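In the numbering used here, the protein residues as written are 18 to 731.
To start, the structure under review is shown below, and the notes come after it.
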Ligand code: BGC
C-alpha cells in the first residue's frame, strides 16, 4: 500500500484532495491543484521561511509565485474538467517516490478527444528543482498548443504579498520571474524551461507578471506528444543572488528521466530510515505511510531557521505558524527516524530564544517563554481575535498567546528526549542545556506561592484542553514545569561534570547562584499537582465542580462541543477538547502506575470530545488506552487519527494536513502498540498489537545506531 488514488473527479471535495495530494521536499510544498487551474481552487506553494507581514493582522507564509501553470489547447479548445466530457479519470500519489500523476481521457465540447497525462514532482535530490511532464495522445488530427507559465499574481486568500521585480526570457525556451514580498522583502526567483519534441512554433509572451512560453504542435491521431517543464527556484534566504541560483539549478538539471531516477533514489533513502510495515491491515498501513509522507515533505533537511507549521506547508490554515504540535507530536518521529531533522527543528527554538526571552521579560518574568504560535523570528504571532465560529460577524478573543505557558516545557521536553535518544552530547551541551535552563528559569519565576495550599502553582493559564481558559493549576502545566525544573537541575549537574566551561558560562549568564538553584528545587518539590487520594488528577482547580455532561446525549452530531456550547459556555462543563491529564502518562510513562492511569483514563475518556474536538486527541487516547491494556479501544482511537485527513473527518482538511495527528499516528504505533520505551539501560518494547496486525516492523535510531524491530519477534 503505497498509493493514494482518486478515480473520479469530484469538484466539491477538491480542497480536501488538494491537501492530501500535496507534494514537497522539505524546502517547499505545492498543493495538489491542477496544472490548468480552476476559479474556486485553493492553489498554493509554500516555501519554508518565506513569511510576510500583513498590516493589522498576522505574519504568515506567503503563497509563492506559482510554478505549475500549464494549459493545453486541442484545435483551439482549452482543456478543462469543467467543460466537455471526462471519459476516464485517475489521479495517484505514489508515496514511495512522491510523484503525483493524473491521467484523463477527455472530449472537448467541440468533440476533440485526447488522453492527457500529467506527472510532477518536487525534487528531493535537488531541493531547488521542480519538474512537470505532460503527455497528450490525440484521437484526432489537427493542432495542439501548450502554454506554460510562471505566475507571480498569487495571494493568500485575497491578501497580496508579492511585488514583481522583473521577468524575461533567456533562451528560446527559457523564461524567468523575480518577485519580492512586500513587507519582509524576501526575493524569490523562478526559472523555467519547456522541453518538447518537434514543435511547429515556439514563442515567448511577456505577459505582466506571468511570463509564458507557448508551443504549437501538429496533432496526429494516436501519436503521443511529450512536454517537460522544469523549474529552478531560489530565494534570498538561500543566496544573495536568487535568480542566478534558480538558473544554475535549472541548467544543471538532467532531463526528466534522470531527475526522476534521482528522486526515486532520494526517497528510497528516506523510507529505508523510517518506513513502518504493517501486515494484515491495509488501512493502517496506508495511513501510517501517508502520515510519514506528509511529515517528510515538510521536514527541513538543510535549514535550521524554520519550524514545521501545524498544517505543514500544505495549506493556508494557521498561516504557517508552528505550535507545540511540533515538539510533542511531530518531533519524536524525527528524533527516532531522522535525528538530523530533529536537530534542525530544535535549533530553530534555540535560535528563537531571544524572542522567547523578550516575551518572558515583557510579562515580567525571567527565562524563556516561547511563542504559542511562532513564525520566522519566534515573536508571538497568535492572533488576538478571530471570527467566532458561531457567528462569523463577531470576534472571539484568543487567549493562548497570553496564557499557554506549557509551550516552554514542551520545547524543553523535546530537546531532552532528543538528547536521550540520540546521545548527541555536543549539541546538548552547546544548545539543548540552555533551552532546559532558560525554560526552567521561566517556570520558577512564573510560579506563585499559594499560601492556603502551601504550594507553588500557576494561576490564569490554558492547558492543552482549550475548552477551558483562565484556569489555575492546570495539572499538565504544573507537572511539566516541575519536570522541566528538576531536569534542568540534573542537566546542570551533568554539564558541570562533563563540560565545565560551558556550565560556568551558563551559570554566569543565567545568574544560577547556589541560592537560586536551591530555590528552584523548592519550587519543583512544592509544586501543586492536584492528585486525589485515589490517584485521580483534577485537570485544574475546580474542574470536578463543573457541570458534568453525558456526551452520548448529544449524539449523533457533526460539530465539536465547543461549537455546540459556545466558547464562553464551554468553560462551565466537564467536557474537554483533547487529552490534558492523559498527556502526562504518555510523556512521563515511568511516573504513573497502571492503576492510576486506569483511574484517570476512566474519568477523562468519556468526557473527551475525541471525534470532533482537537485532531491532536485520538492518537494520545490510543497510546494511553494501549498502555492501560485496552487494545481494541486503542485501535478505535488509532483509526480516528488515521482517518483525520484521509477521510476529512472534521471537514477542514482543505486548510492543510493535521500535522500533529500525523506525528501522533507514528507515536501510537511505536510508543502505543509496540510499547517502545527508553530506559536507563537502553530501550525496551511492551507490545500490545491490534488483533488484525499479523506482523509489524520498523526501524529507529538509538544513540546513532539503527535498530530494527520485528513483531512478533521471530
Ligand atoms: C489545538 C492545539 C493545537 C492547535 C494547532 C488547536 O485546535 O487545541 O492543541 O496546538 O490547534 O494544531
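Quick reminder that beta carbons are idealized off the backbone N, C-alpha and C, glycines included.
No experiment lies behind these values; they were computed from the predicted model shown.
Which term fits residue i, buried or exposed, when burial requires 16 or more other beta carbons within 10 angstroms of its beta carbon?
i	result
residue 684	buried
residue 393	buried
residue 241	exposed
residue 466	exposed
residue 411	exposed
residue 276	buried
residue 485	buried
residue 567	exposed
residue 530	exposed
residue 44	buried
residue 189	exposed
residue 498	buried
residue 487	exposed
residue 526	exposed
Which one of the options has the shortest CA to CA distance from residue i?
i	options	result
residue 463	469, 470, 455	455
residue 551	612, 211, 659, 486	612
residue 214	161, 524, 67	161
residue 396	77, 305, 413	77
residue 340	174, 378, 366, 476	366
residue 475	245, 461, 485, 724	461
residue 363	218, 74, 318, 708	318
residue 370	356, 129, 26, 388	388
residue 218	260, 210, 243, 163	163
residue 693	26, 262, 603, 433	603
residue 149	63, 47, 309, 123	47
residue 1	537, 592, 524, 668	There is no way to answer for residue 1, as the model of the chain reaches only from 18 to 731.
residue 315	675, 584, 711	675
residue 416	39, 428, 409, 403	403
residue 589	595, 231, 571, 559	559
residue 702	730, 352, 710, 711	730
residue 132	500, 650, 98	98
residue 82	20, 288, 251	251
residue 322	56, 285, 254	254
residue 170	517, 546, 224	224
Using beta-carbon positions only, say whether residue i and residue j come within less than 8 Å of one another.
i	j	result
residue 450	residue 508	yes
residue 360	residue 446	no
residue 480	residue 557	yes
residue 384	residue 459	yes
residue 67	residue 248	no
residue 333	residue 173	yes
residue 413	residue 419	no
residue 79	residue 193	no
residue 338	residue 327	yes
residue 69	residue 201	yes
residue 587	residue 600	no
residue 689	residue 643	yes
residue 670	residue 639	no
residue 117	residue 20	no
residue 721	residue 439	yes
residue 537	residue 426	no
residue 400	residue 153	no
residue 376	residue 482	no
Could you tell me the distance, in whole angstroms, from the CA atom of residue i to the CA atom of residue j?
i	j	result
residue 151	residue 135	5 Å
residue 227	residue 195	11 Å
residue 608	residue 597	16 Å
residue 423	residue 502	13 Å
residue 342	residue 677	5 Å
residue 58	residue 101	19 Å
residue 726	residue 312	21 Å
residue 273	residue 437	43 Å
residue 386	residue 165	48 Å
residue 270	residue 146	7 Å
residue 336	residue 448	28 Å
residue 682	residue 655	7 Å
residue 290	residue 717	7 Å
residue 648	residue 63	39 Å
residue 408	residue 582	13 Å
residue 122	residue 30	21 Å
residue 222	residue 352	48 Å
residue 232	residue 268	20 Å
residue 711	residue 303	16 Å
Can you tell me whether residue i sits near the ligand GTP, meaning its C-beta is under 7 Å from at least one heavy atom of the ligand?
i	result
residue 430	Absence of the ligand GTP is noted for the structure shown, with the ligand BGC being the only ligands found.
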